[in-house]
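Participant: Protein chains in written order, with this note's numbering: chain A, 20 to 463; chain B, 475 to 769; chain C, 1437 to 1713.
All residues carry an ideal CB built from backbone N, CA and C; glycine is no exception.
Handing you a structure now.
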Amino acid sequence: MRRRTTAAVGTVVVFLLVASGLFATGTQEAQPAPAAGANPYAGQSITVFMIDAANWRALEAWTPEFEAKSGIKVNFDILPEKAFLPKLTLSLSSRAGEYDVVSANNRSTPQLFAGGWVQPIGKFINDPKMTEASYNFADFIPGLVRTCSYQGEVYGIPMQGSSNIMMYNKEMYAAAGLASPPKNLDELMAYAKKLHMPEKEQYGIALRASREGGTNGFSWIMIWKILGGSWTEGAEQPYAVLDKAPAIRATEYWVSLLDNYGPPGISNYNWETVLVSLQQAKVSQTIDDAELGPRLENPSESKIAGKVGYHVIEGRGDKYTVGPVWGLFMAADTKNQGPAWEWLKWATSKETIIRLAKEGKIGGPTRSSGFQSEEYRNKYSKEYADAFLKAMDHGDPEYSPLIPQGPQIREILSIAISKALSKQATIEAAMKEANDQIKKLLNY
Amino acid sequence: MYRSYEGSDKTTFYLMIGVPFFLLVILTVGPLLYSAFYISLTNWNLSMVAERRFIGLGNYAEMLGNPEFWNSIFNSFYQVFGTLALQLVIGMGMALLLARPMRGMQVVRSIYLIPMMATPVVVGQVWRMLYTPDLGLLNYFLSLVGLPGPDWLGNPKIAMLSVILTDVWLTTPFVTMILLAGLISLPGEPYEAARVDGASGLQMFTRITLPLLRPVISLAAMFRIMDGFRRFDTIYVMTSGGPGNATETLNLHTYNHGFVFLNTGYAAALSTMMLLIIFGFTLFLILRIQQSESV
Amino acid sequence: MKPRNRSLISNYLLNLVTILLVAATLVPLAWLVQTSLKPRVLALAMPPKFIFRPTLSNYESVFQTHDFLKSYLNSVIVGSSTTLISIVLGTACGYALARARFRGSRAMGIWIILIRMAPPVGFALPLYVMMRALRLIDTYTGLVLLYLTATLPFISWLMSGFFKTVPRELEEAALIDGCTRVRTLFSVAIPLVLPGIVTCAIFSFIMSWNEFLYALIIAGRHTRTAPVIIQGFINFKGVQWGELSAASVLVTIPVIVFSLLVQRGLIRGLMGGAMKS
C-alpha cells in the first residue's frame, strides 16, 4: 500500500517538474563576451520589433545576409498595426528589455521621447570607431531626420518617409472625358460625381474610413490640411481645434464625398481595401499615402498597372500634406548597443535603401542618394517621382499631434468622424463633442 | 478509533483547499484590491510615469461625467440582455425539441454543442467574414430572396445586433443544455392530470412547464449574465467597438483606456466600477431567486 | 386511425425540424472549412462557388508560416501545463469541498464562484502590472498562472460535484481500516470519479486553448498562442482569407474533437450542476 502511494506521489511530482521545466524561458538570451577582431559581436543576438509592412518584411527576409557577415543573430517580432501600436508602448514602458530595436512612426515617437524609452544615437553616428565614413548619415533627408529627433538630438533613423498624393485611373478619367487631374477639392468633388456609376459597379472615390486603428483619421487629416488645418498654428488652445472652421469644413467635405460617391461598405475601408478597390478598377481615384503607388503599378496584383496618374492637390500655406515618417529606434534599456547599431547601419545603408526602392518595397527612399539613383529613376515614372517629392516637400511632420496624448486625440477624432459618417450624430455635434473631450484631456 | 483521525483530517483538508485558494487569492483578490484601492486612485499613465500622483476619487468623478462611459454601460447592458432574451426563447425551443425521444438523439445533442466549444476568436473571424457586405455569405442568401443586404458591422444601428447574433450562435447551446436538464427531470403527474382535464399543448406549456422550470431558467439566466458581461474576444475581432462606439462595451472601453491609451489609473477605476456593477447585479439576482424559492 | 396518422406525421416533421435546425447551426463552421479548401481566387468569388475542386494549398501555406507553428506549440504547452496543475490542485480542492465539514468550506465554494464572475479585463490590468514586476511577461509560467485563475475554480466546483456522488460509507470503511485521508482519496475516491477527472481535464484544456485576452496582454514573442497569431493573417497584404480559414480550422479542430469526446460527461456535468444548484 505504501509503495502505491509513493509511486503515485512520485509520478505527480515528476510531472510537475517536467511541466515546470518548460517554464524556464527568459526573455533575453545569454550573451557571450564580445570577441575582438573583424566581427566583434559575433555570437550575440538582438531582438527587433517591427510593424508588419512590405519594407520591414523585406528587411527580415534579407537579414540572413547580415547575420552571415557579422555573426550576430537577429530575432524579429512582427505584428500587424492593430496589435503593434499598443504593444510598442506597453513593452517599452515596462523597461523589461524585451526589444533592442523598434520601428516607430511620428504618431508614437512623442510618447517614446517623453517616456525616455529610446536613446539618442548621435554618439554612435559621430564615433568613427563605430561608424565608417561610407555610411554617410548626412545623406538622409534633413526634414525626415528632424522628425526622428528630440530636443536637438537624433534618436532614430528615418526608414520610410511618405506623404499623400492623389492617385487616379487614367483610363476611367478618359472615359469620363476628364483630361487633367483636379486642381482643388471642389473639382475633386465634381470629378467624383462624374466618375460615380454604381450601375456599372464603378465608384467615384475611396478614402480610408474605417474606425479600426483610427485609420479614418488619416484620410480626414489629408483633406483637413489641404483646407489649411493645423493642430498648433494660430490656435489659442493647441490641439483643441476640432470645432474651428477648417475642421468642420473638412468633416462636411469628407462625409459628403464618401457618402455620395464612395463604394458600398466604405465605412469599413482601410488602406488595403482602398488599394484593392483601385487595383480592381472598382474605384477611380483616391488621396492616400504615396506608398500605394508601387502596389498600383504591380502587374501581378493590379489591373491598372501602367494606367495610373499621380498628382498633388495644392492647399493653403506651405505644409499641406501629411508627413508620416517611419524610423528605426534603439531602446533605452538595451544591453546590446553594439550589435544593435551594427544591424541598424546595415538596415539603413545606402545599398539597402536603394534595394528597397528598386524592389518596390518603399516608394520614397529616405536618402537623397536614393532618389537620385539610377535604379529609382528607372523604376518609377517621372510623374510619380515628381508628385512624391513635391508632396514630401510640403509635408507636415506634425500632421498628427506630437504629444503623449496624441494617440488618444487621434482616437477621439476617429470616433467623431465615424459617427458623422454613419449619421449617428450631426457633424457640428460630433466635432464639438470631440473637441470638448480633447480640452478635458489636456486640462484646458 | 474513527474520531482520532479528525485531527489530521482537518490539516489535510485545510491544505487541499488552502493551496489552490491561496494561489487564487494572490492572483485574483490581490490584484483586484491593488487595482481598486491603489491604482484607481492615482492618475497613473504608463507613458508618463514621472507625473504619477494620488488623486483620490478623481477618476471616478471624471468617469461619471463622461458620456463615453455611459455609452459603454448602455452597450454592455444592451448586449447582455439582448443576447439573454434571444437565448432563452431559442434555447427553450431547442430544449423542447431535443427533449423528445428520437433515434440518434445522443448524436444530435453532441453536434449541437459544438459551437459552444469553438474558440471565440475564431468564431469572431468567421462571423466577420459572413457579415462582409458585398462578399459575405449572409448578404448572398438575402439577395437570393430579393432582400437587400445591410452593412452588418458597419451600420451603427445594427452593428450591436450583429454582435448579439454571433453571441447567440456561440452560447445558446449552453442555455439549451441547462433547460434540457430541467425538462427531463420534470415530474410526469401534472401532465397526466392536465391531459385528463383536456388541456392543450400550449396551455400545458405555459401553466405547468414554465412555472416548474422557473428555478432552472433563473439559473441559466444567471450564468449567461455573468458570462455576457465578460464577452470580449468576439467583439474585439469583429468591430473593435466601432462603428463610432456603437459596440464599445464596458469591457472594450476599459481595454482601450488601459492597454491602448495606457491610462492605467482611469482604466483601473473603470474595472472597479465594472466589477461593482456585475457583483451587485448578480447578488441582486441570487437574492431574488432565493426569495422566490423560499415562497 | 386519423389521430394516429396525424401524430405520426407531426412526429416525423418535428424530427426533421430538429435535425435541420441543428444542422443549420453548423453552417458557419462548415463554410469555414469549405473556404479553407478553396484556392485563393475562389475564396472571395461572388456568387460563392459551392462546388469546386478542393485544394490543400492554404494548409501548406499555413504550415510554412513559422510564427503560426510556434504559436500552436505554445498553445499545446500552456494548455497541457494548465490542465495538469488544474487537475492536481482542483481534484484535491474539490474533494475537500465535498467532504470537509467545517464552516469555511461552504464560504470558499461561493467565493470560488464569485471569482468566476469577474470579467478578465478587470483583472488584466493589475495582473499585467504584477507580472511586469515579477518579470513574468512572455513566460510560460506567467501565462499558466493566469489561466489557472479561470480553470481552478471551475474544476474545483465540478470535481466537488463528482465527489459528492461517491458514497461516504466506502471512504469511511477505508478510514476505519487505518488509511489516511490522502490515501483514501487516492485509492477509494479517485478511481470512482476517474471519468469525471477526464472530463475536467478536457474542459480545462479547452478553456486554456481558447483563452485570448490574457495571451494578448501577457504573451510575447516566445509564448504567443495560436488564437493571438491567427490575427496575423490580416496584415499589410490584406485579409488572407485562405490562410485565415485554414489556420482557424487548425485552431478549432482540437477543441471540437475533445468536446465530442467529452460530450457525455459534459452533458451530465451541466445537468448535474443544474440540479444541484
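How far does the beta strand (DSSP E) with A/SER64 in it reach, from first residue to last?
Facilitator: Note, A/SER64: beta strand (DSSP E), 64–70.
Participant: Output, in sequence order along the chain, the residues in the region 126–152 of chain A whose CB is closer than 8 Å to any CB in chain B.
Facilitator: Cβ contacts with chain B come from GLN130, ALA133, GLY134.
Participant: Using a C-beta cutoff of 9 Å, does B/ILE632 count as contacting chain F?
Facilitator: In summary, chain F is missing from the structure at hand, where the protein chains are A, B and C.
Participant: Between B/LEU621 and C/LYS1485, what straight-line distance do the alpha-carbon atoms span, to the nearest angstrom?
Facilitator: 20 Å
Participant: Per the DSSP calculation, A/ILE97 is bridged to which residue(s)?
Facilitator: Note: A/ILE97 sits in a beta bridge opposite A/MET69.
Participant: Just the Cα atoms here: how many angstroms apart are A/TYR210 and A/GLU310?
Facilitator: Distance from the CA atom of A/TYR210 to the CA atom of A/GLU310, rounded to whole angstroms, is 23 Å.
Participant: Using the beta-carbon of each residue, which ones in chain C are nearer than 9 Å to A/GLU117?
Facilitator: ILE1573, ASP1574, GLY1656, ARG1657
Participant: Does the Cβ-Cβ distance between B/LEU744 and C/THR1585 come in under 9 Å?
Facilitator: no
Participant: So who's on the other strand from A/LEU347, going by DSSP bridges?
Facilitator: A/SER122, A/ILE176
Participant: Which residues of chain A have a Cβ atom closer than 8 Å to the Cβ of C/ARG1568, listed in chain order?
Facilitator: SER113, ALA115
Participant: Below 6 Å CB to CB, which residues in the same chain sit around C/ARG1747 once its five sequence neighbours on both sides are set aside?
Facilitator: With chain C represented from 1437 up to 1713, any question about residue 1747 of chain C goes unanswered, as that position is not in the structure.
Participant: Keeping to the same chain, check which residues put their C-beta closer than 6 Å to that of C/PRO1663; ignore five residues upstream and five downstream.
Facilitator: These residues qualify, in order along the chain: PHE1648.
Participant: Verify whether the separation of the beta carbon atoms of A/VAL302 and A/PRO318 is less than 9 Å.
Facilitator: no
Participant: Determine the burial state of C/HIS1502: buried for a count of at least 16 other Cβ atoms within 10 Å of its Cβ, exposed for fewer.
Facilitator: exposed
Participant: In whole angstroms, what is the alpha-carbon distance linking A/ALA406 and A/TYR329?
Facilitator: 6 Å
Participant: Per DSSP, what kind of secondary structure is B/THR738 in: helix, strand or coil?
Facilitator: helix
Participant: Less than 9 Å between CB atoms is the rule here; does A/THR44 satisfy it with respect to chain C?
Facilitator: Low per-residue confidence applies at A/THR44: pLDDT is 40, beneath 50, and the placement is therefore not dependable enough to give any value.
Participant: Rank B/TYR665, B/VAL637, B/LEU618 by C-alpha distance to the C-alpha of B/LEU627 and give the top, closest one.
Facilitator: Nearest option by C-alpha distance: B/VAL637.
Participant: Suppose you measure from the CA of A/ASN94 to the CA of C/VAL1463; what does that come to, to the nearest Å?
Facilitator: 41 Å
Participant: Just to confirm my understanding: we take B/GLY718, look at its own chain, exclude 5 residues before and 5 after, and list those with CB closer than 7 Å. What are they?
Facilitator: PRO630
Participant: Starting from the Cα of A/ARG374, find the closest Cα among A/TRP362, A/SER388, A/LEU440 and give me that residue.
Facilitator: A/SER388
Participant: Taking buried to mean at least 16 other C-beta atoms within 10 Å of its own C-beta, is C/ALA1543 buried or exposed?
Facilitator: exposed
Participant: By how many angstroms is the C-alpha of B/VAL597 removed from the C-alpha of B/THR640?
Facilitator: Going from the Cα of B/THR640 to the Cα of B/VAL597 covers about 8 Å.
Participant: Assign A/TYR463 to one of two classes, buried (16 or more other C-beta atoms within 10 Å of its C-beta) or exposed (fewer than that).
Facilitator: exposed
Participant: Less than 9 Å between CB atoms is the rule here; does A/PRO99 satisfy it with respect to chain C?
Facilitator: yes
Participant: Cutting at 7 Å between CB atoms, please list the residues of its own chain near B/GLY702, excluding the five before and the five after it.
Facilitator: GLN553, VAL554, THR557, LEU558
Participant: Which residues does DSSP list as the beta-bridge partners of C/TYR1531?
Facilitator: Partner(s): none; C/TYR1531 has no beta bridge.
Participant: Distance cutoff 9 Å, beta carbons only. Does A/ALA102 sit that close to anything in chain C?
Facilitator: So yes, A/ALA102 belongs to the interface.
Participant: Sort out for me which residues DSSP pairs C/VAL1675 with in a bridge.
Facilitator: C/ILE1670
Participant: When Cβ atoms are compared, which residues of the region 1488–1502 of chain C fall closer than 8 Å to chain B?
Facilitator: none
Participant: Out of A/SER182, A/ASP205, A/TRP345, which has the shortest C-alpha to C-alpha gap to A/TYR174?
Facilitator: A/TRP345
Participant: Based on DSSP bridge pairs, tell me the residues matched to A/LYS92.
Facilitator: A/SER64
Participant: What number of angstroms, rounded off, separates the C-alpha of B/LEU635 from the C-alpha of B/LEU736?
Facilitator: Distance between the alpha carbons of B/LEU635 and B/LEU736 is about 30 Å.
Participant: Pick helix, strand or coil for C/PHE1486, following the three-state DSSP scheme.
Facilitator: DSSP places C/PHE1486 in the coil class of the three-state scheme, outside both helix and strand.
Participant: Measuring straight from C-alpha to C-alpha, what distance separates B/GLN561 and A/GLY196?
Facilitator: Rounded to whole angstroms, B/GLN561 to A/GLY196 spans 57 Å at the Cα level.
Participant: Would you say B/GLY431 reaches chain A, if we count a Cβ-Cβ gap shorter than 9 Å as a contact?
Facilitator: Residue coverage of chain B in this structure runs from 475 to 769, which leaves residue 431 of chain B outside it and unanswerable.
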